[in-house]
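Just add 462 to the spot in the sequence shown (first one is 1) and you have this note's numbering.
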Amino acid sequence: MTGAEHLAVVAAGLGAGMLTSTVGVASLLSFPVLIALGIPPVVANASNTLGLLPAAMSGSFGYRRELREVRRPTTIAVIVTCAIGAVGGAALLLGLPPGVFAFIAPWLILFTCLIVGVQPWITRWVRSRHEEPQGERTTMTPTTTFFAALTGVYGGYFGAGAGVMMMAVLGLGLDLDLRIVNALKTLALLAANLVAGLIFIFVADLNLTVAGLLAAGSVVGGYVGSHIGRRLSATLLRVLIVLAGIIAAVLMLR
Numbered sequence: 463m464t465g466a467e468h469l470a471v472v473a474a475g476l477g478a479g480m481l482t483s484t485v486g487v488a489s490l491l492s493f494p495v496l497i498a499l500g501i502p503p504v505v506a507n508a509s510n511t512l513g514l515l516p517a518a519m520s521g522s523f524g525y526r527r528e529l530r531e532v533r534r535p536t537t538i539a540v541i542v543t544c545a546i547g548a549v550g551g552a553a554l555l556l557g558l559p560p561g562v563f564a565f566i567a568p569w570l571i572l573f574t575c576l577i578v579g580v581q582p583w584i585t586r587w588v589r590s591r592h593e594e595p596q597g598e599r600t601t602m603t604p605t606t607t608f609f610a611a612l613t614g615v616y617g618g619y620f621g622a623g624a625g626v627m628m629m630a631v632l633g634l635g636l637d638l639d640l641r642i643v644n645a646l647k648t649l650a651l652l653a654a655n656l657v658a659g660l661i662f663i664f665v666a667d668l669n670l671t672v673a674g675l676l677a678a679g680s681v682v683g684g685y686v687g688s689h690i691g692r693r694l695s696a697t698l699l700r701v702l703i704v705l706a707g708i709i710a711a712v713l714m715l716r
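Shown next as structure tokens:
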């Protein structure tokens with residue numbers, strides 16, 4: 463790799479790190495850059511997962527104030543659920559043909575974009591169906607846990623748009639401010655990337671140079687992105703998430 467290509471990977475890591483902590487479509491920036499540099503898709507995918515791990519770490523640190531507002535059992539449930547799901551996703555990446563999951567990924571992203579967009583109306587409708595007022599949902603239900611685990615599987619397999627999916631799952635399943643859901647989403651991506659990255663270190667082909675360059679950029683981007691995400695209004699953040707997810711899905715369908 464040339465010096466210019468090194469800088470391109472670092473820049474991709476910086477931008478992807480910011481996206482990790484905001485709209486959750488980081489891989490749609492960094493993964494195409496690696497492919498353009500001629501890195502084989504599976505190697506690029508595994509290296510990308512490892513390289514973006516620092517972004518989720520620094521982003522979660524940046525969101526520490528929001529994470530303190532979440533009940534500890536809920537935080538633990540999100541971490542464990544996504545970590546277990548990522549084990550299955552990593553196994554799928556290493557065991558299945560590359561095109562299988564990628565075929566349905568764009569449609570999953572579009573579906574979750576729709577959910578994120580209409581989530582306030584869905585929540586109001588669900589609550590209106592109850593005859594008696596219901597308390598706020600601050601713990602993970604079995605349904606929310608199931609779909610969070612599926613998102614963890616996707617995150618371990620490919621991850622492009624996994625943040626959008628997790629925002630939809632947690633936004634529907636928990637009665638929390640969107641900024642807190644965003645913080646939990648970033649923590650969920652950290653759990654998924656950490657587990658998948660550890661697996662890839664031992665059993666996958668990696669380009670450690672690329673992973674290191676991505677990490678150098680993403681650790682800064684993740685922290686900066688957490689401060690940006692905190693300052694965005696709920697409506698603007700929701701719009702940006704939906705737009706980012708639609709763009710991601712369209713790019714994957716091309």
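Just so it is clear, CB atoms sit at the ideal spot from N, CA and C, and this is done for glycine as well.
- Within the segment 600 to 667, the complete alpha helix (DSSP H) runs of at least 4 residues fall at 604 to 619, 624 to 635, 640 to 665.
- From the listed residues Pro535, Val626, Val686, the smallest Cα separation to Arg599 is found for Pro535.
- Straight through space, the alpha carbons of Leu651 and Tyr685 are spaced by roughly 14 Å.
- For Arg700, the number of other beta carbons within 10 angstroms of its own is at least 16, and it is reported as buried.
- Contact holds between the segment 519 to 533 and the segment 480 to 493, because three or more Cβ pairs, one in each stretch, are under 8 Å apart.
- The residues Ala677, Ser680, Val681, in chain order, have a CB closer than 6 Å to that of Pro516 in the same chain once the five nearest residues on each side in sequence are set aside.
- Short of 7 Å from the beta carbon of Phe662, and not among the five residues preceding or following it, lie these beta carbons of its own chain, in chain order: Ala508, Thr511, Leu512, Ala552, Leu668.
- Val472 counts as buried, since no fewer than 16 other beta carbons sit within 10 angstroms of its beta carbon.
- Nearest in C-alpha terms to Thr648, of all of Gly623, Val665, Leu660, Ala666, is Gly623.
- With fewer than 16 other CB atoms across the displayed protein chains lying within 10 angstroms of its CB, Ser695 is exposed.
- Comparing alpha carbon positions, the residue from Gly500, Val540, Phe664, Arg526 closest to Thr606 is Val540.
- Comparing alpha-carbon positions, the option among Glu528, Leu490, Leu558, Leu469 lying closest to Ser688 turns out to be Glu528.
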